[in-house]
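*Asks:*
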Amino acid sequence: MPRFLSPQWIEEASAAAATSPELAEASAGVHLVVQQVVTGGPDADVRYVVSFSDGQARLRAGEAADADVTFTTDWESAVAVATGTASAQDAFTSGRLRVRGDVTALLRHARALDGLHAVFAGLRERTTY
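Residues in the sequence shown are numbered from -3 upward in steps of one, following the working numbering.
1) With C-beta atoms as the reference, is Trp71 less than 8 Å away from Gly36?
2) Can you check whether the CB of Arg120 is closer than 8 Å to the CB of Ala84?
3) Glu(-3) and Thr123: beta carbons closer than 8 Å?
4) For the beta strand (DSSP E) holding Arg43, just list the boundary residues, first then last.
5) Give the C-beta separation of Ala57 and Pro3 to the nearest angstrom, bearing in mind that I take them to be a contact with Cβ-Cβ under 8 Å.
6) Who does Ala117 pair with in a DSSP beta bridge?
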């Protein structure tokens, strides 16, 4: 079982995203780069990128100079959102999730982001936190 946000988890999430027909359909025509920054992790801060490119979704470790949107949160909040014990909206309104960049892109591409959330839900059962 991959540990949450480990290199193995990012690889498995990317493979699941790349092979999801539902996500491919939801992200058709979408061009969006989302940077995720999670601070205070058990080993270190984690940075990974989610890229949507016309029906293809990919995750990779690292940073994106061309990110449309950047999310920054602490480890505990990231785990709470990932496990479903808190929502991203709760984390945002409490100040534990910060958003920078083109926030309107999130609204325009909500269907693709919802599709990615469904992919993560499938991975949740195999993840250790």
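We put the beta carbon where it would ideally sit given N, CA and C, even for glycine.
*Replies:* So, from the data block:
1) Residue numbering aside, residue 71 sits at position 75 when the sequence shown is read from its first letter. Residue numbering aside, residue 36 sits at position 40 when the sequence shown is read from its first letter. Yes, Cβ-Cβ distance for Trp71 and Gly36 is below 8 Å.
2) Position 88 of the sequence shown, counting from 1, holds the residue named residue 84. Position 124 of the sequence shown, counting from 1, holds the residue named residue 120. No, these two residues do not count as a Cβ contact at 8 Å.
3) On the sequence shown, position 1 is the one that residue -3 refers to. On the sequence shown, position 127 is the one that residue 123 refers to. Note on identity: in this sequence residue -3 is Met, with Glu being the wrong assignment. Against a cut-off of 8 Å, the Cβ pair of Thr123 and Met(-3) comes out as a contact.
4) On the sequence shown, position 47 is the one that residue 43 refers to. First-last of the beta strand (DSSP E) with Arg43: Val42 to Ser49.
5) Translated into the one-based positions of the sequence shown, residue 57 becomes position 61. Translated into the one-based positions of the sequence shown, residue 3 becomes position 7. Their Cβ separation, rounded to whole angstroms, is 6 Å, which keeps Ala57 and Pro3 in contact under 8 Å.
6) Locating residue 117 in the sequence shown gives position 121, where the first residue counts as 1. Answer is none; Ala117 lacks a bridge partner.
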